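Note sheet for the following structure.
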Amino acid sequence: MKSTYGGESIVLLLTYLAFLFAAGLGFFRKIKSDATEYLVMGRRLSLPAFVASIVSSWYGGVLGVGEYSFKQGISNWLVFGMPYYIAAFLFAMFLAKKARDTQHYSIPDQFERVYGKKTAITGAIFVFLTTLPAAYILQMGELGNSIFGISLTLGVILGAFFSIFYVYSGGLWGDVFPDIVQFFIMFVGFGAALIFLAVTYGGMDFLQSNLPPTHFTWKGTKPGSYVFVWYFIALATLVEPMFYQRCFAAKSAKVARNSLLVSILFWVAFDFLTTFTGMYARALMPNLTDPVAAFPQLGAQFLPGIIQAVFMLGLFATAMSTLDTEALIAGTTLGRDIIMRAKSGILAHDHSVTKMARIGVVAASLISVFIALYFKSVVDIWYVFGTIQTCALMIPLASSFSARWKMTPRFAFANMLISGAAAFIWMMPSLIYGRDYWFGIDPIYVGLTVSVVIWGVDRLTRK
């Protein structure tokens, strides 16, 4: 039994990378300087393109999903699936239309309209830190290391280059077009692998005979409280920059809402594929010492020829589809929403916007490479930056769309700084000393509690 990827995989990956490089060159010639085209596709994003791009872009943590389904079975669906379906549904029903109707280009635009320039720049800094694609650049390095045996550092650098070139060139056009291709690759890769495994080794009877009983329970080996907390963490979706970006670019508010509702169905389907593929990995490789490598090792050891190659490409496409989106958002946030806003304000159609956004994409990617090599843990990167951003932005942003519930500018500014700082300070013992959190309370609860209290004080002092 082989334990490496064959020539088909290398040829297919090189062909795919050449396609992305060619697409980047094409977009560089097409998208010259129009900021509206570069940032929001001229607000012409259709429902099919919206669905394909958001489904692929919001599913970058494929190795983490493989690890959790390997360890916990169908509980993966209840932890990394259901909470996010609910959050995406809430966004679609209550925020998608409001976001599209603003005619904004970014989240900081909303902050400036409601709270002023100072709060907009502060919010932009939090958005920038959270959308740095370090976690996904690290995943590219890990995939390159697991599949082809190249060093993690080289994999990180190559992954960053091939994932940002086309968004650097084409902006959101350069993001959405490859995302559509990556959408199909994801489903074909995992679908082909799962069908082959089921036909070759058997269906549910095989899994039930070769997996612990806990793999078929809603919580796996985790306590129910662990599963529950993810329904809380998933509320970060309400401040997810890529959701707002796609809504700003949609043809209409109706397209924005309906696209997200349709996308939920595709996420359910893809979670089915990844969860059961991870369970087959556990059944076939019960002694695997590194569950993070469950998917790459499953492909290397148990999938033949072309199916192996397509599955491998599905792994890369899943990670790259998120990396490119986050690189674009981080870059435009740095170049447009922080630097240009701080210096002179923003003219949405100013040709310098595209130039600064491109510079930002390069800078954000370089910063992400260093973060990826420093942390060397996808989960750590997600956790630290995601927790701080959620605590800092959720209440000020969600309330900003309501004239009745929005905060006053000075309290919104204070909320961002104090809530984000509270979460960061609470996680310091764990980050520095590896200790448990104070009183066993997760930082996200602390930060959001502080945020709600500040919002409440703001309400009371206005009456």
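Residue numbers (my numbering): 916 to 1378. C-beta atoms are modelled at their ideal positions from N, C-alpha and C, and glycine is treated no differently. Fair warning: this is a prediction, and the values are worked out from it, not measured in the lab.
Query	Result
Validate contact between the stretch 1208 to 1228 and the stretch 1032 to 1044 using beta carbons, cut 8 Å, 3 pairs	no
Beta-carbon proximity check, Glu1150 vs Met1309, cutoff 8 Å	According to the sequence as given, residue 1150 is Leu; it is not Glu. Contact flag set, yes.
Inter-stretch contact (C-beta, 8 Å, three-pair minimum) for the stretch 1163 to 1174 and the stretch 947 to 964	yes
Per-residue DSSP class, three states only, for Ala1318	coil
Environment of Met916 [buried if 16+ CB atoms lie within 10 Å]	Per-residue confidence for Met916 stands at a pLDDT of 40, beneath the threshold of 50, marking its modelled position as unreliable; the derived number appears in the next sentence. The residue in question, Met916, is exposed, as its Cβ has fewer than 16 Cβ neighbours within 10 Å.
Residue environment, Thr1136, which counts as buried when at least 16 other CB atoms sit within 10 Å	exposed
For Leu1203, three-class secondary structure by DSSP	coil
Boundaries (first-last residue) of the alpha helix (DSSP H) holding Asp1239	1220 to 1247
Alpha carbon of Leu1218 to alpha carbon of Leu1058, nearest angstrom	17 Å
Limits of the alpha helix (DSSP H) - the one that Ser971 falls within	962 to 972
Inter-residue spacing [alpha-carbon to alpha-carbon] between Tyr931 and Lys1032	42 Å
Inter-stretch contact (C-beta, 8 Å, three-pair minimum) for the stretch 1322 to 1342 and the stretch 1356 to 1371	yes
DSSP three-state assignment for Ala938, whether helix, strand or coil	helix
Contact check, Ala1196 vs Leu1213, beta carbons under 8 Å	yes
Distance CB(Ile1244)-CB(Gln1160) smaller than 8 Å	yes
Inter-residue Cα distance where the pair is Thr1269 and Tyr953	7 Å
Strand pairing of Ala1165, partner residues [DSSP]	Leu960
DSSP state of Lys1032 mapped onto helix, strand, coil	helix
Segment contact, 8 Å Cβ cut-off, at least three pairs: the stretch 1113 to 1121 with the stretch 1220 to 1235	no
CB of Phe1026 within 8 Å of CB of Ala1014, strictly	no
The stretch 982 to 998 in contact with the stretch 1125 to 1140 per 3-pair CB rule at 8 Å	yes
Contacts around Thr919, its chain only, beta-carbon distance under 7 Å, and the 5 residues preceding and following it disregarded	Ala1215
Proximity of Ser984 and Gly1193 at Cβ, strictly below 8 Å	yes
Presumed contact (8 Å Cβ cut-off) between Arg1251 and Ala1272, rounded CB distance	6 Å
Buried/exposed call for Gly922, threshold 16 Cβ in 10 Å	exposed
Counted within 10 angstroms of its Cβ, other Cβ atoms place Val1114 as buried (16 or more) or exposed	exposed
Distance, Met1331 Cα to Ile1022 Cα	14 Å
Residue range of the alpha helix (DSSP H) that includes Trp1353	Taken as a continuous stretch (DSSP letters only), Trp1353 belongs to no alpha helix (DSSP H), as it is neither H nor E.
Leu1087 vs Val955 beta-carbon contact at 8 Å	yes
Three-state class that DSSP yields for Pro1127 in the structure shown	coil
Burial state of Thr1204, where buried means 16 or more other Cβ atoms lie within 10 Å	exposed
For Leu1112, the three-state DSSP class (helix, strand or coil)	helix
Proximity to Lys1321 [Cα-Cα], best of Glu1155, Gln1304, Leu1375, Tyr1081	Leu1375
Ala1002 to Leu1153 span [Cα, whole Å]	7 Å
Span separating the alpha-carbon of Ala1287 from that of Pro1138	31 Å
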